[in-house]
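Participant:
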Amino acid sequence: MVEIKPTGVFLAFDLNALNGIDPAMLDEYVRKIPGIRKVWTSGGELDPLPDSILKEIHDNNLKRFVLAGYEPGLHKSAFSAALNKAGLDPSDVALASFSEYGVKGIEEAKAVLYCAIHGIPFPEARKNGSSKVLPETVVIGGGIAGIQAALEIADSGNKVFLVEKSGTIGGHMAMFDKTFPTLDCAACILTPKMVEVGQHPNIELLTLAEVTEVKGSAGNYEVNIHQKPRYIDVTVCIGCGVCSEKCPQSSYSEFDAGTAMRKAIYIPFPQAVPNKYLIDAENCRYINEEKCGVCQKVCMVDCIDFKDSDKDIKVKAGNIIVATGFKTFDAGRIDEYGYGRFPNVLTSIEFERLVNAAGPTGGNIRFRTEDKKGNWVFQLEGEEPESIALIHCIGSRDRNYNEYCSRVCCMYSLKLAHLVKEKLPDAEVYEYYIDMRAFGKGYEEFYNRIRDEGVNIIRGRTAKVNQLNGQLELRTEDILNNRLLEQKVDMVVLAVGLEPRDDAGDLADMLNIRREKSGWFQEACNGSDHCGSTDEGIHLAGVCQGPKDIPDSVTQGSAAAARVLQSILKGKVDTGITGLHDIELRAKELSTIRED
3 MVEIKPTGVF LAFDLNALNG IDPAMLDEYV RKIPGIRKVW TSGGELDPLP
53 DSILKEIHDN NLKRFVLAGY EPGLHKSAFS AALNKAGLDP SDVALASFSE
103 YGVKGIEEAK AVLYCAIHGI PFPEARKNGS SKVLPETVVI GGGIAGIQAA
153 LEIADSGNKV FLVEKSGTIG GHMAMFDKTF PTLDCAACIL TPKMVEVGQH
203 PNIELLTLAE VTEVKGSAGN YEVNIHQKPR YIDVTVCIGC GVCSEKCPQS
253 SYSEFDAGTA MRKAIYIPFP QAVPNKYLID AENCRYINEE KCGVCQKVCM
303 VDCIDFKDSD KDIKVKAGNI IVATGFKTFD AGRIDEYGYG RFPNVLTSIE
353 FERLVNAAGP TGGNIRFRTE DKKGNWVFQL EGEEPESIAL IHCIGSRDRN
403 YNEYCSRVCC MYSLKLAHLV KEKLPDAEVY EYYIDMRAFG KGYEEFYNRI
453 RDEGVNIIRG RTAKVNQLNG QLELRTEDIL NNRLLEQKVD MVVLAVGLEP
503 RDDAGDLADM LNIRREKSGW FQEACNGSDH CGSTDEGIHL AGVCQGPKDI
553 PDSVTQGSAA AARVLQSILK GKVDTGITGL HDIELRAKEL STIRED
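Quick note on this note's numbering: the sequence shown kicks off at 3 and runs consecutively.
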């Protein structure tokens with residue numbers, strides 16, 4: 003057996019990310035391994051600075067170090083510098099990264115650390131033969147990232163199951179009028195891809211569906227999918243719309259972000275895929291009370307089936323791509339801005355629908371008013387606002403909510419300001435920002451363009467929005483001119499940030515995906531593999547992995563598809579042993595072979 007050089011082990015733990023690992027138990031385990039001279043835990047007796055480490059080298063006759071934890075690399079330079087000062091090899095610092103291998107639990111942590119101590123990569127010690135990779139792929143989420151991934155895999159001749167929770171694919175991008183910074187038509191980019199998905203012979207589209215269970219391992223998964231009833235036979239429905247015209251029941255439209263009404267039987271939007279009607283079971287009178295049924299009576303092709311029921315579908319796949327997207331921050335959580343109390347304080351997604359040519363007013367900007375039924379909606383006959391303020395960073399870069407930057411809010415706010423000036427040339431438009439994040443291709447030029455169009459761009463936080471005499475008053479600051487402002491406007495748009503979906507935690511547990519402190523899915527290796535997870539067969543794409551714009555989401559969807567196609571082309575995946583004792587034996591064996 004190979005003798006281990008005198009080694010010091012530093013357990014670098016973040017107490018907020020232990021994932022079932024007891025530092026004391028890991029400390030006790032590692033002290034019993036031959037060759038370990040000293041063990042420290044972060045926050046303990048060792049200050050991980052070169053001079054302190056150098057003293058430990060001399061006191062304990064240490065020759066090398068192993069750093070363990072979820073981000074042990076943060077301390078590597080200090081330990082390397084200390085070894086160099088001691089006249090030893092500065093590269094003799096091994097990392098046992100728990101994040102790289104998705105460690106969840108003490109036994110996995112012990113195994114990864116044991117391999118690092120013996121100088122053997124954990125995947126190599128765990129490897130035990132290979133198995134065949136099934137060519138089918140499950141893509142979870144039908145937004146732009148999921149669509150891109152599904153099309154690239156399907157175009158290569160491989161089967162894709164595209165699972166979408168709502169009644170149509172398209173995601174948030176389908177709600178937008180223009181994309182930044184080019185101001186291209188969002189629908190012109192997206193809808194051809196949606197149609198291609200709906201017509202592709204290698205894509206099986208499952209809408210109103212969710213993945214409920216995943217069994218197996220990379221290369222051979224069994225995926226359980228639960229599909230809610232549509233109550234419409236999509237093979238018969240011709241989309242004539244008579245049923246929706248006659249339906250007496252209305253509710254707020256999810257696609258229009260609550261800015262307009264829709265019927266209980268509806269198509270989410272005109273270009274939806276599948277372009278077939280569905281029934282909202284929660285608001286349908288017949289399903290809840292058995293009293294209406296008008297839609298069934300007027301349907302010319304008899305496609306409405308109130309006996310339709312939930313379905314459980316099992317599929318097998320070699321790979322899974324997670325592209326579940328995001329939700330927008332609930333602006334009502336910040337009471338100071340009056341969202342939900344003042345009718346003309348809007349979120350950015352509501353304003354997106356208002357300026358959209360396919361929106362409730364045909365793209366005309368109007369005040370929100372109360373209709374005859376008591377619903378607060380936007381109507382074409384309403385009045386135009388003469389001044390609009392856009393407030394950045396709602397729910398982002400805020401210690402009370404989310405500390406991270408959502409990366410898209412600055413640019414989409416500038417885009418919305420441009421659309422206001424385009425539709426209401428005489429309107430005064432104000433942008434209140436903290437820092438202008440113009441980091442992408444063409445973003446700085448876009449910022450300069452919007453500024454030159456006459457938009458008032460003011461650096462400063464807004465403290466409060468009040469409603470006074472029919473107008474909205476902003477109490478804000480102008481940092482560059484060192485003054486406080488009280489600005490009166492007709493309408494306020496809150497640039498809400500992005501957040502992980504409410505079901506992200508359940509999906510992460512099901513697929514064994516780590517999550518960051520902020521809730522986004524954590525890629526396998528920080529910074530080096532943005533679409534890989536801790537499972538070789540599960541890949542990440544789009545905003546579910548972290549805030550990003552449309553081009554980056556498309557790129558990541560393509561990257562995830564490339565990884566899938568690589569595994570299919572390879573045809574097999576390494577299988578592994580999982581028991582701690584077996585991994586220890588394998589690591590010893592491999593270290594002996596290397597020494598020989």
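Note that CB positions come from ideal geometry on N, CA and C, so glycine has one too.
Going straight from the alpha carbon of I390 to that of L210, what length do you get?
Facilitator: Cα-Cα distance, rounded: 37 Å.
Participant: Quick check: the Cα distance between V238 and P276, rounded to an integer number of angstroms?
Facilitator: Going from the Cα of V238 to the Cα of P276 covers about 13 Å.
Participant: Tell me whether E291 is buried or exposed, calling it buried when 16 or more other Cβ atoms sit within 10 Å of its Cβ.
Facilitator: Per the 10 Å Cβ criterion, exposed.
Participant: Roughly how many whole angstroms lie between the Cα atoms of L571 and N404?
Facilitator: Computed Cα separation, rounded: 41 Å.
Participant: Taking the alpha-carbon positions, what's the Q381 to E372 distance?
Facilitator: Going from the Cα of Q381 to the Cα of E372 covers about 9 Å.
Participant: Just to confirm my understanding: we take F15, look at its own chain, exclude 5 residues before and 5 after, and list those with CB closer than 7 Å. What are they?
Facilitator: These residues qualify, in order along the chain: P25, T43, S44, G71.
Participant: Measuring straight from C-alpha to C-alpha, what distance separates P123 and N130?
Facilitator: About 14 Å.
Participant: Can you give me the C-alpha to C-alpha distance between G172 and L356, rounded to a whole angstrom?
Facilitator: Distance between the alpha carbons of G172 and L356: 19 Å.
Participant: How many whole angstroms separate the CB atoms of I323 and G46, which I take to be in contact at a CB cut-off of 8 Å?
Facilitator: In fact, because the Cβ distance is near 42 Å, the residues do not count as touching under 8 Å.
Participant: Any contact between the region 45-65 and the region 126-145? By contact I mean 3 or more CB pairs, one from each, below 8 Å.
Facilitator: Verdict: no, contact absent.
Participant: In this structure, does DSSP put T594 in helix, strand or coil?
Facilitator: It is helical.
Participant: Apart from the five residues on each side of it in sequence, which residues of its chain come closer than 7 Å, Cβ to Cβ, to K265?
Facilitator: If we look at K265 and ignore the five residues flanking it on each side, its Cβ neighbours are S246, C249, Q251, S252.
Participant: Does the region 108-118 touch the region 55-74, meaning 3 or more C-beta pairs lie closer than 8 Å?
Facilitator: The region 55-74 vs the region 108-118: in contact.
Participant: Report, in whole angstroms, the separation of the C-beta atoms of V545 and G327, which I expect to be a contact under 8 Å.
Facilitator: Right, the Cβ-Cβ distance comes to about 5 Å (below 8 Å), so this counts as a contact.
Participant: Helix, strand or coil: which one does DSSP assign to C286?
Facilitator: Note: C286 maps to coil in three-state DSSP.
Participant: Which residues mark the beginning and the end of the alpha helix (DSSP H) in which F81 is found?
Facilitator: Where F81 is concerned, the enclosing alpha helix (DSSP H) stretches over 78-87.
Participant: Just to confirm before moving on: does the CB-CB distance between A526 and S101 stay below 9 Å?
Facilitator: Result yes, Cβ atoms of A526 and S101 sit closer than 9 Å.
Participant: For R33 versus I585, is the C-beta spacing smaller than 9 Å?
Facilitator: Result no, Cβ atoms of R33 and I585 do not sit closer than 9 Å.
Participant: Can you tell me the Cα-Cα spacing of R463 and I240, whole angstroms?
Facilitator: Approximately 51 Å, taken between the alpha carbons.
Participant: Apart from the five residues on each side of it in sequence, which residues of its chain come closer than 6 Å, Cβ to Cβ, to P92?
Facilitator: If we look at P92 and ignore the five residues flanking it on each side, its Cβ neighbours are S82, L85, N86.
Participant: With H, G and I counted as helix, E and B as strand and the rest as coil, what does DSSP make of L64?
Facilitator: Residue state, collapsed to three classes: coil.
Participant: Expressed to the nearest angstrom, what Euclidean distance is found between the alpha-carbon atoms of I55 and I35?
Facilitator: Cα-Cα distance, rounded: 21 Å.
Participant: Against chain B, with Cβ distances strictly below 9 Å, would V225 count as a contact?
Facilitator: Reference to chain B is not applicable here, since this structure consists of a single protein chain.
Participant: Compare the beta carbon distance of A151 and G559 with 9 Å and say whether it is the shorter of the two.
Facilitator: Contact flag set, yes.
Participant: Between G503 and K329, what straight-line distance do the alpha-carbon atoms span, to the nearest angstrom?
Facilitator: In the sequence as presented, Gly is not what sits at residue 503; that position holds Arg. Whole-angstrom Cα-Cα distance: 5 Å.
Participant: Please name the residue or residues paired with I585 in a DSSP beta bridge.
Facilitator: I585 is not bridged to any residue.
Participant: With a threshold of 16 other CB atoms inside 10 Å of the CB of R516, please say whether the residue is buried or exposed.
Facilitator: Buried: at least 16 other Cβ atoms inside 10 Å.
Participant: Quick one, are the C-beta atoms of L513 and V105 less than 9 Å apart?
Facilitator: Against a cut-off of 9 Å, the Cβ pair of V105 and L513 comes out as no contact.
Participant: Classify N483: buried if its beta carbon has 16 or more other beta carbons within 10 angstroms, exposed otherwise.
Facilitator: That one is exposed.
Participant: Between P125 and A98, is the Cβ-Cβ spacing less than 9 Å?
Facilitator: No.
Participant: Grouping DSSP H, G and I as helix and E and B as strand, with all else coil, what is Y449?
Facilitator: If DSSP states are grouped into helix, strand and coil, Y449 belongs with the helices.
Participant: Can you name, in chain order, every residue of its own chain whose Cβ lies under 8 Å from the Cβ of S520, other than the five neighbours on each side?
Facilitator: Result list for S520: N404, E405, Y406, P502, in chain order.
Participant: Is H420 helix, strand or coil by DSSP?
Facilitator: In the structure shown, H420 sits in a helix (DSSP, three-state: H, G or I).
Participant: Contact defined as beta carbons within less than 8 Å: I believe Q229 pairs with D312. What is the distance between those atoms, to the nearest angstrom?
Facilitator: The pair is a contact, with the Cβ atoms about 7 Å apart (cut-off 8 Å).
Participant: Assuming I227 and A156 form a contact by the criterion Cβ under 8 Å, report the distance between their Cβ atoms to the nearest whole angstrom.
Facilitator: Not confirmed; about 18 Å, so no contact.
Participant: By DSSP, does A319 sit in helix, in strand, or in coil?
Facilitator: Reduced to three states, the DSSP call for A319 is strand.
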